Amino acid sequence: MNPVHKKFSRRARVATGGAVLAVVALAGFGAVSANASAPAAKPAATAAASAGATTTSTHLTIDAATKAAQAALDAAEKENQRVTVAVVDRNGNTIVTLRGDGAGPQSYESAERKAFTAVSWNAPTSQLVERLQQAPNLKDIPGTLFLAGGVPVTAGNAPIAGIGVAGAPSGALDEKFAQAGADAVAR
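Here the sequence shown stands for residues -36 to -1, 1 to 151, numbered as in mature numbering (1 follows the signal peptide of the UniProt record, and there is no 0).
And the structure:
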């Protein structure tokens, strides 16, 4: 056995070892505490957000979208028209669709596509039909339908939703009903 160990009793060695462990643990805790209290570097996402790399956008609520769709459907029913109304968000995702009693099966998809087209170009689809004369390839863009009956809903001149109506005998009527829906949101 080591001569140093012979001088200390077993109890003294255990106590000394415990004291050494306590000092090491406290030193480690102090280092961790010091690091935890030092200001951390900003994460990349926080740095990007504070540098203006994000935007804020306005969206139509489900209540407002439902109000708009119901107003468009009511306007059509007053004129004995059987239509489907679709409201899409800024990204073209459907928020609400109301299919009126007796509306044709083709009207569902047509209403959604008219709403998508109106919000995508921030213009009534009747105006976009006229643009096809100068740019006929526009009609090839997936999900669009260049027939009158879709109108955008805007906030600060930026499109936030689109309303599409399909099923009336003319696109002019469809667009009239879609505009009634947009007007209901504006009130």
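Using N, Cα and C, we set each Cβ at its ideal position, and we do this for glycine too.
Since we're looking at a predicted model, the values are computed, not measured.
Query: Exposure of E43, with buried meaning 16 or more beta-carbon neighbours within 10 Å; Result: exposed
Query: Secondary structure of V47, DSSP reduced to three states; Result: coil
Query: Nearest residue (CA-CA) to A150, options A87, R63, G120, N101; Result: G120
Query: Three-way DSSP call (helix, strand, coil) for residue 173 in this model; Result: A query on residue 173 cannot be resolved here, the shown segment of the chain reaching from -36 to 151 and no further.
Query: Inter-stretch contact at 8 angstroms, needing at least 3 Cβ pairs: the segment 79 to 96 / the segment 31 to 43; Result: no
Query: Beta-carbon gap between G107 and A142 smaller than 9 angstroms; Result: no
Query: Within 9 angstroms, strictly: CB atoms of A132 and Q45; Result: yes
Query: Assigned exposure category for S21 - 16 Cβ within 10 Å defines buried; Result: exposed
Query: 9 angstroms Cβ cutoff met for D53 and I59; Result: yes
Query: Contacts around T30, its chain only, beta-carbon distance under 6 angstroms, and the 5 residues preceding and following it disregarded; Result: V60
Query: Within 9 angstroms, strictly: CB atoms of L102 and K78; Result: no
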